[in-house]
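*Asks:* Residue numbers (the working numbering), protein chains in the order written: chain A, 262 to 496; chain B, 262 to 496.
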DNA sequence: TCCTACGATTGGTCGGACCAGTCTACGGGA
DNA sequence: TCCCGTAGACTGGTCCGACCAATCGTAGGA
C-alpha cells in the first residue's frame with residue numbers, strides 16, 4: 262500500500278515539527294507555498310494540514326496560517342510517529358512506554374478483579390494455565406500475555422481505561438509489527454502465573470496487581486534489548 | 262467562532278457513529294451522496310471524512326468506501342465527543358475518567374518523587390502550602406491542584422505519561438470549561454497536604470502516592486455531582 | 001508617535017474534471 | 001444448474017481554477 266500524496270506531505274511536515282525544525286508558535290509556509298514546493302495540489306496539502314491539526318500538532322486559523330503547537334499538548338497519537346522518527350528507536354521512549362503500559366494494565370487489574378464475572382475469571386485462568394504449563398514459544402507467550410491484558414482491560418469495565426490501553430498497544434504494534442523471540446524462564450513464569458491464578462480465585466486485587474506487574478516485567482529487559490537492536494523499519 | 266463546514270459534517274457523522282446508528286463494519290454513504298445530502302461540496306465532505314479517519318472511527322479505502330471501525334479501537338480523542346454526546350453528561354463515563362486520571366497522576370507521583378530535582382520539590386511544596394493554609398476559594402484550590410498535577414507529570418520525566426495526562430485533562434477542560442465551585446473541608450485538606458509535604462521531603466514515593474490519591478478524592482464526589490447538574494453545554 | 005484603513009496574503013468553500021482501485025451483476029462456460 | 005470471469009458502474013484520490021472571508025502588515029494620515 263503506497264502512501265497517499267497527503268500522507269507523504271503530512272509525514273514530511275510532521276517529522277520536521279517533531280524534530281524541532283519548527284519552534285512552537287512558528288508559522289508553517291502557506292498552503293499555496295507548500296503546494297508549489299511539494300509539487301502537489303493545494304487540496305492535497307490542505308488534507309495533510311488537516312491531519313496535523315487533528316493531531317494537535319498545529320493550529321490553523323482562517324487568514325492566519327498554521328502555527329506549531331507545543332508537543333506535549335499534542336494528541337497521544339503522535340507518539341507512534343515520535344517512535345518512528347529514529348531507527349533504531351529511542352530506547353528512552355520505549356522504556357517510558359513500558360512504564361505507562363505497566364501502570365495502565367496493573368491499574369486495570371485492580372478494577373478487573375473486583376468487577377469481572379465468573380466467565381472472565383475463568384478465561385483469565387485458562388490463559389494463565391497456558392503460560393504456566395511451559396510448552397509455549399516465547400512469541401506465543403507474548404501473544405497470550407497480550408490476550409490477558411486485553412481481557413483485563415475489558416473486565417475493568419472502564420471504557421476510558423480500555424481506550425488508553427488500546428491506544429498504547431496500537432502504538433507499539435504499529436511501530437514493532439514483527440513477532441519477537443524472547444527467552445523466558447519457564448519456571449519463573451509458571452510460579453508467577455500460579456500466584457496470579459490464586460489471586461484471581463480469591464479475588465485478591467492487590468495480589469493480582471502485584472503478580473501481573475511481575476509478569477509484565479519478566480520479559481521486559483530482553484524486550485527492550487530486542488527492540489533496540491531491531492534495526493530496519495519494515496516500511 | 263462558528264464551526265466550519267467540514268466540522269459540521271464531521272460532527273453529524275461522528276454523533277451518528279457514536280450513537281451506534283452505523284454498526285462497526287458498516288459502510289458510510291459515498292462522498293458524493295454525503296455532499297448532496299448535506300448540501301456541501303465534496304471537498305468539504307472529504308475533509309470531514311479525513312478527520313473521522315484520523316480519529317480511527319472509520320477506515321477509508323480507495324474504491325471501497327468508508328467503513329465504521331469498532332469504538333474501542335478509536336483514538337483517545339473521541340472520548341471528548343463521547344462526553345459531549347449527552348447533556349447532562351454520562352456520569353458513568355465521568356467516573357471512569359476520574360478513575361483513570363487518578364491512576365495516571367498517582368502513577369506519575371511514584372516516578373516524580375524519585376526523579377524530581379530540588380527545584381521541582383520546592384515548587385510542589387509551595388503549592389501544597391497554598392492548599393494547606395486554607396485561605397483559598399474552592400475554585401482556586403482546584404486550580405492549584407491542577408498545577409500540582411502538571412508539575413508532577415513534568416517531574417516524572419516520562420513524555421508518554423505526560424501526554425496521556427494532558428490528553429485526559431484537555432478532554433475534561435474541553436467538556437467542562439466553567440470554573441466550578443466546590444466545598445472542601447479546609448481542615449482535612451490541610452492535613453492531607455501536610456502528609457504529602459512530609460513525603461516529598463523524605464522522598465517517600467509510596468506515602469506521596471497515597472497522599473496525592475487522598476487529595477484527588479477529597480473533592481471528587483462533589484465534583485461529580487456538580488458536573489452532573491451542570492446542564493447546558495456552552496457550545 | 002500612534003492609529004486607521006486599505007491592500008496583500010492566507011485559509012475556506014465551491015464546482016468540475018479525470019484517474020485508479022473496488023464492487024457488482026450480468027452473461028458465458030462447465 | 002452452478003460457478004466464475006469480466007465489463008461497467010461506483011467510489012475514493014488528485015488536480016485545476018475560481019471566489020469568498022478573515023487576518024496581517026504596512027503605508028499614510030491625524
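All residues carry an ideal CB built from backbone N, CA and C; glycine is no exception.
1) Is DSSP giving residue 288 (chain B) helix, strand or coil here?
2) Can you give me the C-alpha to C-alpha distance between residue 387 (chain B) and residue 283 (chain B), rounded to a whole angstrom?
3) Under a CB-based cut-off of 8 Å, is residue 328 (chain A) close to chain B?
4) Alpha carbon to alpha carbon, what distance is there between residue 292 (chain B) and residue 474 (chain B)?
5) What's the gap between the Cα of residue 264 (chain B) and the Cα of residue 435 (chain B)?
6) Could you list which residues in chain A have their beta carbon closer than 7 Å to that of residue 423 (chain B), in chain order?
7) Contact defined as beta carbons within less than 8 Å: I believe residue 366 (chain A) pairs with residue 425 (chain B). What is the distance between those atoms, to the nearest angstrom?
8) How would you call residue 302 (chain A), buried or exposed, if buried means at least 16 neighbouring beta carbons within 10 angstroms?
9) Please classify residue 398 (chain B) as buried or exposed, where buried requires at least 16 neighbouring CB atoms within 10 angstroms.
10) With 7 Å as the C-beta to C-beta threshold (strictly closer), list the residues of the segment 403-428 of chain B near chain A in chain order.
11) Comparing the C-beta of residue 489 (chain B) with each C-beta of chain A, is any distance below 8 Å?
12) At the 8 Å Cβ level, is residue 435 (chain A) part of the contact set with chain B, yes or no?
13) For a test of the three-state rule: what should DSSP assign to residue 322 (chain B), helix, strand or coil?
14) Mind the definition here: the segment 351-361 of chain B touches the segment 415-425 of chain A only if three or more C-beta pairs lie below 8 Å; say whether that holds.
15) Distance cutoff 8 Å, beta carbons only. Does residue 370 (chain B) sit that close to anything in chain A?
16) Among the candidates A:324, A:485, A:438 and A:411, whose CA atom is the shortest distance from the CA of residue 513 (chain A)?
17) Per the DSSP calculation, residue 328 (chain B) is bridged to which residue(s)?
18) Using the rule of at least 16 other Cβ atoms within 10 Å of the residue's Cβ for burial, across every protein chain shown, is residue 267 (chain B) buried or exposed?
19) Taking all protein chains shown into account, do 16 or more other C-beta atoms lie within 10 angstroms of the C-beta of residue 287 (chain B), making it buried, or fewer, making it exposed?
20) Listed in chain order, which residues of the segment 296-309 of chain B have Cβ atoms closer than 8 Å to some Cβ of chain A?
21) I'd like the list of long-range same chain contacts for residue 407 (chain B), defined as Cβ closer than 8 Å, with 5 residues on each side in sequence excluded.
22) From residue 390 (chain A) to residue 362 (chain A), what does the alpha carbon distance come to, in whole angstroms?
23) Below 6 Å CB to CB, which residues in the same chain sit around residue 489 (chain A) once its five sequence neighbours on both sides are set aside?
24) Would you tell me roughly how many angstroms separate the C-alpha atoms of residue 342 (chain A) and residue 433 (chain A), rounded to the nearest one?
25) Identify every run of the alpha helix (DSSP H) within the segment 442-482 of chain A, keeping only runs that are complete inside it and at least 4 residues long; order them along the chain.
26) Let me know the secondary structure DSSP gives residue 393 (chain B) once reduced to three states.
27) Under 8 Å between beta-carbons, which chain A residues line up against residue 341 (chain B)? List them in chain order, please.
28) With a cut-off of 8 Å, do at least 3 Cβ pairs link the segment 444-453 of chain B to the segment 447-457 of chain A?
29) Using three-state DSSP, classify residue 267 (chain B) as helix, strand or coil.
30) State the Cα-Cα distance for the pair residue 297 (chain B) and residue 308 (chain B), rounded to the nearest angstrom.
31) In the structure shown, what three-state DSSP assignment does residue 410 (chain B) receive?
32) Does the beta-carbon of residue 462 (chain B) have 16 or more other beta-carbons within 10 angstroms, so that it is buried, or is it exposed?
33) Any beta carbon from chain A within less than 8 Å of residue 381 (chain B)'s own beta carbon?
34) Secondary structure at residue 427 (chain B), three-state DSSP: helix, strand or coil?
35) Are the C-beta atoms of residue 361 (chain B) and some chain A residue less than 8 Å apart?
36) Please list, in chain order, all residues of the same chain as residue 295 (chain B) whose beta carbon is under 6 Å from its beta carbon, the five residues on each side excluded.
*Replies:* Taking the structure as given:
1) strand
2) 51 Å
3) no
4) 49 Å
5) 15 Å
6) 333
7) With a Cβ gap of about 13 Å, residue 366 (chain A) and residue 425 (chain B) do not count as contacting.
8) exposed
9) exposed
10) 419, 420, 421, 422, 423, 424, 425, 427 and 428
11) no
12) no
13) strand
14) yes
15) no
16) Nothing about residue 513 (chain A) can be reported from this structure: the residues present for chain A run from 262 to 496 only.
17) B:288 and B:320
18) buried
19) exposed
20) 304, 307 and 308
21) 430
22) 23 Å
23) 349 and 352
24) 11 Å
25) 447-462 and 466-479
26) helix
27) In chain order: nothing, as chain A lies at least about 11 Å away.
28) no
29) helix
30) 15 Å
31) helix
32) exposed
33) no
34) helix
35) yes
36) 306
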